[in-house]
Each structure stands twice: as C-alpha cells, then as structure tokens.
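Numbering (this note's numbering), first residue to last: 2 to 614. Each residue gets a CB set at the ideal place from its N, CA and C atoms; glycine is no exception. On a predicted model such as this, the values are computed, not experimentally measured, just so you know.
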Amino acid sequence: MRTVGLYLVVNALCVAFTRGASVDTFDQEGKCEEITIPMCLNIGYNATRMPNEMNHESQEEAGLEVHQFWPLVEINCSKDLRFFLCSLYAPICLPDYQKPLPPCRDLCKRAREGCEPIMNKYMFKWPDRMDCDQFPVQGENMEVLCMDQSNASSSSATVKPPPTGKKPLRPCKPGSKNCASPQSDGKKGGSGRECKCQCSPPLVSLGREPTLQQSLVNRSVAGVSNCAFPCKEKYFNADEKEFAAVWITLWSGLCAASTLMTLTTFFIETERFKYPERPIVFLSACYFLVSVGYLIRVVVGHQEVACQGAVIRYSSTGPNYCTFVFLLVYFFGMASSIWWVVLALTWFLAAGLKWGNEAITSYSQYFHVAAWLIPTVQTLAVLLSGSVDGDPVSGICSVGNMNMENLRTYVLAPLVVYLIVGTSFLLAGFVSLFRIRNVIRKQGGAGAGTKADKLEKLMIRIGIFSVLYTVPATIVIGCHLYENAFHEEWLKSLACTCPNASLTPKIRPLYSVLMLKYFMALAVGITSGVWIWSGKTLDSWRRLWGRLFGRPDFSGANAVLIKNRPGKPPPPQYLMSVPPGSASLLGPAGSVASASQHHLHHHVLKQPPLSHV
C-alpha cells in the first residue's frame with residue numbers, strides 16, 4: 002500500500018515543537034480543512050490549508066488548475082505525479098506545524114522524468130512554476146521539511162538523518178558571503194553552507210511569469226534576483242487580513258464623513274472661518290481626499306490598485322488606478338502636513354506677534370503657494386523616479402512600501418521636518434500666551450480674572466488640537482521607522498532558510514503596529530471636525546435645511562437672543578443683528594478667540610508693551 006512519508010530531520014522537529022510560540026515562524030493563512038479536490042482524495046492525507054503555495058485562495062480555484070493535469074495522471078506516466086501535484090495544490094496541513102511543507106526535489110524529479118517526454122511529444126513544456134530546482138533536497142537542510150511518498154506498507158513517517166561527513170555549521174545572516182547564493186545548491190567545496198536564499202513560494206519568481214519579466218526587470222527580494230513580492234502579504238492569516246480590510250475601510254469612511262461635514266459647514270458660512278483658524282478647513286479638505294484614496298481600493302479592489310498580475314506593483318507612472326490613488330494619498334497627505342505648519346504659524350502670528358486676522362489674511366496667497374507647490378514638487382519627484390509602489394496590506398499605492406530608501410527620502414524626511422517646524426511655531430505661540438496671561442493677572446483691575454480665564458480656555462483648546470495632531474503624526478513617523486528598521490528582515494525570513502532557527506528566527510511584522518499606522522494616518526481628519534462642533538454649526542445646518550425644504554429658521558449664528566423675564570415674550574428689539582464673521586472658529590462671540598487682534602492685543606491695551614515684560 003502506498004503511504005505518505007514526511008522526511009523530517011530530528012533536530013528540526015525539536016526546534017519547531019520545543020520553541021513553540023517563542024519563534025515567530027511564517028504563518029500560513031488558513032486553518033486545516035478537509036480536502037475536497039477530487040483528484041487529491043485518498044492521497045494518503047485528508048487535510049489541507051488554503052491559500053496554498055501556488056497562491057490559490059480556495060480549493061475550488063486550485064482544483065480548476067490541477068485537473069488540467071488529469072490526462073497525465075490517467076495514463077499513469079509517473080506513479081509520483083498525482084502525489085506531487087497534490088502536494089503543490091493541496092499541501093498537507095499539520096495543526097501543530099505552521100511552516101510550508103513543499104514537495105521534495107526527488108519527488109518532483111521522478112514525476113518530471115516520467116511525464117515530461119509525453120508532454121514534449123504533444124508540444125507542451127514542463128511548467129516553469131514546477132521547476133524542481135526550487136524545491137528542497139530531503140535531508141540537506143535541518144530546518145526545511147518536505148513531502149515525499151514511498152511504496153512501503155508501513156504508514157509511519159520516514160525520518161532520514163542529514164548527510165554525514167560535513168563540517169559543523171556556523172550561524173550566519175542571510176545575504177552574507179558565507180551564505181548560499183540563490184542559484185546555489187547549498188554546497189561549496191564539500192562543506193555545508195549555513196543559509197540558502199531562493200525565490201520559493203510565497204515569493205513569485207519572475208522567470209515563471211514571462212508577462213512580468215520586462216516590466217519588473219532587475220527586481221529582487223532579499224538579494225534574490227528575478228524575484229518579487231506577491232500581490233497580497235503573506236505574513237498574516239485570513240482572519241487578520243479580513244479585519245485589516247474592515248479596519249481601514251471603517252476609519253477612512255469616518256474620516257471622509259467628518260471632513261465632509263467640516264467642508265460643508267465652511268461653504269454654508271464661509272465668513273465664519275477667518276484666519277488664524279481657516280487652515281483647519283484646508284487641512285480637512287486634504288484629509289477628505291486622502292480618505293477617498295483609501296476608499297477607492299474598496300470600490301475597485303486590492304488587485305486593481307496595488308498589484309501587477311500575481312505580484313505587488315513596484316512602479317507606476319502611467320494613467321491607472323495606482324497612480325490616481327497615489328496622487329490622492331501622497332500629494333494631499335503632504336499638503337495636510339504643510340497646512341498644519343501654516344496653522345501653527347498663524348496662531349503664532351496672532352498670539353505671539355499680535356497680528357489681526359486682516360493682517361494674516363493679507364499673506365494668505367503665500368500660504369497657498371507653499372501648501373500646494375511644495376507637495377507638487379515632492380509628488381513630481383516620486384513620479385519621475387518611478388518610486389510609486391503598492392502596499393500589500395492596505396491595497397493602496399503610495400511610496401516606500403517596498404523600497405526603504407524611498408520611504409526615508411520621500412516620506413520620513415518631509416514628515417519629520419514638517420512636524421518639527423509646526424511644533425516650534427506652536428510652542429512659541431504658547432509661550433506668548435503664557436506671558437500675556439501673566440501680564441493680565443499682575444495688572445489686575447476690573448475684569449482681569451475673566452479675561453485671564455478666557456485666555457486659558459483658548460490655550461486649552463489650542464493645546465487639545467495640538468495633541469490631536471502631533472500625537473498621531475508622531476505615531477505615524479514611529480511606525481514608518483519600525484518598517485524601515487525591519488523590512489529587510491521580514492523579506493529574508495521569506496526568502497532565506499538557515500539551519501539554526503534559534504539564531505536566525507523567522508520574523509514577521511507586528512500586526513498591531515501596522516493597524517495603528519493606518520488608524521493614525523486618518524485620525525487627524527476625524528478629529529479636525531472638533532472645531533465645528535458647536536451651537537453655531539447646528540444653527541448653520543438648520544438654516545441650510547430651511548433653505549432646501551422651505552422652512553426658514555431664525556435661530557442662526559447671526560442673531561443673539563437676549564432673554565427676558567419669565568412669562569413675558571421678548572420684544573422684537575431684543576433680537577440684535579451681529580455682523581457676520583464677528584466670532585471666530587475657536588470660540589463664541591465675545592470670547593478671547595473671537596478676533597485675534599481684538600482679544601489677544603486689547604487684553605493688554607492698557608498694559609506696558611510685551612517687549613518690556
């Protein structure tokens with residue numbers, strides 16, 4: 002009776018099962034499921050795991066492809082062909098063993114030797130993706146296990162010790178001169194090589210994808226040439242990937258809704274949004290378009306945006322979904338950072354230098370030039386250098402997902418500069434506000450306490466918004482630094498295998514860090530709406546509702562109702578008109594934040610100049 006023999010190395014078993022969860026191994030994406038592919042029933046095992054190493058997401062998809070080989074199985078050109086095909090398309094699933102179990106090289110060669118002559122007779126080639134050289138040699142590597150079958154009557158697994166007569170292995174890092182090259186067979190001068198790097202699944206060999214060879218020439222993964230990362234990441238399981246899609250969609254949707262409300266309120270009552278607060282509106286507009294970039298992936302799909310066939314998109318310069326999403330996410334993301342700098346600058350001019358909103362507004366054209374021209378230059382630099390690439394986790398296109406040098410140049414460096422400059426202006430404005438408050442308290446007089454309290458409320462509101470921006474921005478930078486530090490190690494874990502897993506453990510990204518990055522990248526857009534959450538906003542929407550549906554509303558922000566004594570209706574003359582725009586976005590009419598010149602300067606109108614304080 003033909004049975005399955007899993008050729009395992011004893012030391013590898015010890016490492017795999019004694020280390021347990023302490024070794025962060027490559028996780029397959031699904032749980033064990035019963036085999037339903039007809040050709041692979043009664044093959045010697047009855048459980049498999051999807052996706053498989055051929056990047057099939059389900060058994061139905063794998064079955065459609067593997068049954069193309071049924072005529073060869075039917076004529077029995079090789080007794081090993083059926084088992085070899087099933088080991089590729091429906092690999093065995095062991096609940097306590099999470100690493101891939103590819104077929105052994107000898108199994109592949111036996112199947113190829115028997116069937117390739119018949120295929121050649123009918124003008125068919127042996128598929129490149131089944132090239133036997135990519136599969137491990139049984140017993141050569143103490144870390145890598147593989148599948149084979151025997152004709153013995155025993156159903157026990159065959160365990161074969163590694164070849165003897167070789168020098169003891171020393172630990173090395175993948176890619177070093179002592180490690181095997183991608184084309185190496187793991188031997189050099191009769192002594193064993195420590196590590197072997199090759200383009201084996203889930204990585205995609207460009208030699209097996211002829212349609213991608215021209216567009217992805219010279220691509221490599223962990224030093225392995227003609228190799229590319231698959232369309233979707235292979236670090237997380239199916240549940241984690243599904244949650245990531247829902248997570249990103251949720252926050253991008255909330256960001257779009259919050260920023261759209263801010264923009265609509267601005268268009269309803271434009272005069273209400275004066276400098277120094279108006280940059281909040283432009284910041285919200287930028288985050289609205291960033292969220293649209295994320296939502297496009299929901300509509301057209303991960304594959305259409307971030308992928309080029311079976312691999313992730315490494316470059317995009319033409320008119321396609323990837324380029325469009327990149328423009329939305331990157332250009333407006335950088336523009337939002339500059340509008341944050343402008344916002345901090347205008348607060349400093351109002352609080353520190355006591356500029357009025359008219360004076361600040363006179364420089365608004367320069368703010369717009371800086372906020373739109375600088376991101377334009379950055380975006381053109383990325384496009385001209387062909388640095389746009391896909392994100393295998395989120396399914397969008399940006400820059401620096403697969404190339405860490407691009408991440409440092411086009412993402413990290415600008416974000417750090419913008420954050421430092423904006424925070425500097427913000428701190429300078431706070432120092433000025435503290436000095437003004439101290440002058441008011443020391444001067445005393447009627448109303449000094451009230452004025453100081455109003456100033457403190459303004460400082461609190463500015464402080465809250467500062468935290469709502471600087472904390473997410475700092476966390477996003479930290480997540481990018483984390484990716485920059487470990488990205489190459491993650492790729493080496495997929496491409497390279499070393500005999501001593503305790504010295505070169507398989508690692509993967511921290512799932513929580515990536516989810517935090519996507520949330521924080523959209524959080525500022527969600528929280529920017531906090532500045533319009535007031536009674537005035539409600540009145541503005543009521544008036545809009547009245548105009549649209551013919552129900553006039555007289556409780557708008559341009560009217561202040563003075564309360565009369567209970568029981569008596571207020572006379573008409575108590576309804577007093579207030580000029581539009583007399584109250585700013587930061588506070589109600591009459592507060593410190595109503596007009597920067599009036600309230601920040603006239604608190605100390607009768608005081609000595611601040612330069613003397």
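Whose CA, out of 352, 336 and 205, lies closest to the CA of residue 369?
336
Assuming residue 255 contacts residue 527 under a Cβ cut-off of 8 Å, what Cβ separation, rounded to an integer in Å, is found between them?
5 Å
In the DSSP assignment, find the beta strand (DSSP E) that holds residue 400 and state where it starts and stops.
398-400
Identify, in the order they occur along the chain, each residue of the same chain with its Cβ nearer than 8 Å to the Cβ of residue 231, setting aside the five sequence neighbours on each side.
56, 203, 204, 205, 311, 312, 313 and 393
Closest by C-alpha distance to residue 511, when choosing among 238, 129 and 133:
238
Just checking my contact of residue 54 with residue 86 at CB under 8 Å: how many whole Å lie between their CB atoms?
Going by Cβ atoms, the distance from residue 54 to residue 86 rounds to 12 Å, so no, they are not a contact pair.
Bridge partners of residue 308, per DSSP?
313
When the Cα atoms are used, what is the spatial distance from residue 121 to residue 115?
11 Å
Sequence-distant residues of the same chain with beta carbon closer than 7 Å to residue 301, five excluded per side:
322
Would you report the Cα separation of residue 44 and residue 108, rounded to the nearest angstrom?
15 Å
Minimum C-alpha distance to residue 386 - residue among 401, 395, 396 and 397
401
How would you call residue 439, buried or exposed, if buried means at least 16 neighbouring beta carbons within 10 angstroms?
exposed
DSSP-derived helix/strand/coil call for residue 511
coil
Among 126, 509 and 421, whose alpha-carbon lies nearest the alpha-carbon of residue 494?
509
Quick one: what's residue 205 bridged to in DSSP?
229
Option in 475, 236, 373 and 287 with minimal Cα separation from residue 257:
287
Would you grab the beta carbon distance between residue 396 and residue 477 for me? Rounded to a whole angstrom, and I think it's under 8 Å.
Rounded, the Cβ-Cβ distance is 18 Å, inconsistent with contact.
For residue 276, collect the residues of the same chain with a Cβ closer than 6 Å to its Cβ; drop the 5 residues on either side in sequence, then sort them by chain order.
347, 358, 361 and 362
From 259, 113 and 432, residue whose alpha carbon lies closest to that of residue 128
113
Proximity winner among 229, 327, 240 and 259, relative to residue 309 (alpha-carbon distances):
229
For residue 390, the first and last residue of its enclosing beta strand (DSSP E):
389-391
For residue 294, report the span of its alpha helix (DSSP H) as first-last.
280-301
Quickly, what does DSSP pair residue 48 with across the bridge? List them, please.
35
What whole-angstrom Cβ distance do residue 260 and residue 289 have, given they're in contact under 8 Å?
4 Å
Identity of the residues DSSP links to residue 104 by a beta bridge:
148
Nearest-angstrom beta carbon gap, residue 148 and residue 93 [assumed within contact, 8 Å]:
6 Å
Give the straight-line distance between the Cα atoms of residue 66 and residue 46, rounded to the nearest whole angstrom.
20 Å
Is the Cβ of residue 86 closer than 8 Å to any Cβ of chain C?
Reference to chain C is not applicable here, since this structure consists of a single protein chain.
Relative to the alpha-carbon of residue 96, which residue among 32, 119, 60 and 38 has its alpha-carbon at the smallest distance?
32
Tell me whether the beta-carbon of residue 469 lies closer than 8 Å to the beta-carbon of residue 269.
no
DSSP beta-bridge partners of residue 498:
197
Less than 8 Å between the beta carbons of residue 531 and residue 473, yes or no?
no
Flag this pair as touching only if the region 419-431 and the region 337-344 have three or more C-beta atom pairs under 8 Å; answer yes or no.
yes
If you follow the alpha helix (DSSP H) that residue 127 is part of, which residue opens it and which one closes it?
Residue 127 -> no alpha helix (DSSP H), and no H or E assigned at all.
On a CA-only basis, which of 315, 441 and 351 is nearest residue 278? Give me that one, please.
351
If you count every other CB in all the chains shown that lies within 10 Å of the CB of residue 615, and 16 or more means buried, which is it?
This structure leaves residue 615 out entirely; the chain is present only between 2 and 614.
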